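Participant:
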Amino acid sequence: MLCNGNTIVKWDDFTNINEYNDIFIFTVSKRNAVVIPRRFFEDENDIIIFKEIIEKNVSSKTKVDLG
Numbered sequence: 001m002l003c004n005g006n007t008i009v010k011w012d013d014f015t016n017i018n019e020y021n022d023i024f025i026f027t028v029s030k031r032n033a034v035v036i037p038r039r040f041f042e043d044e045n046d047i048i049i050f051k052e053i054i055e056k057n058v059s060s061k062t063k064v065d066l067g
């Protein structure tokens, strides 16, 4: 089934945020996650800025592993 639409996920909704070699995974639940490929970013500086945004906004209850 294909759905067209938007979903807003608040920072507090993420249970885990993990960085892997080629992707970032933002886990919302056992069945839902947001996956962002590293190729989305223009360069390594964009990734550094992205990580700073994560660290600034993430809830203290969220488990974060950024490499």
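For the sequence shown, position 20 (counting from the first letter as 1) is numbered 20 according to full-length UniProt numbering, and the numbering increases by one without interruption.
Each residue gets a CB set at the ideal place from its N, CA and C atoms; glycine is no exception.
Bear in mind that the values here come from a model prediction, so they are computed numbers and not experimental data.
Relative to the C-alpha of Asn32, which candidate in Phe14, Gly5, Asn6 and Lys61 has its C-alpha closest?
Facilitator: Phe14
Participant: Mark Phe40 as exposed unless 16 or more other C-beta atoms lie within 10 angstroms of its C-beta, in which case mark it buried.
Facilitator: Exposed, since its Cβ has fewer than 16 Cβ neighbours within 10 Å.
Participant: Drop a sphere of 10 angstroms on the beta-carbon of Ile17, count the other beta-carbons inside from all chains shown, and report buried for 16 or more, exposed for fewer.
Facilitator: Buried, because 16 or more other Cβ atoms sit within 10 Å of the Cβ of Ile17.
Participant: Mapping DSSP to helix, strand and coil, what is Glu19?
Facilitator: Glu19 falls in the strand class under three-state DSSP.
Participant: Comparing C-alpha positions only, which one of Lys30, Phe24 and Asp43 sits nearest to Val64?
Facilitator: Of Lys30, Phe24 and Asp43, the residue nearest in Cα terms is Phe24.
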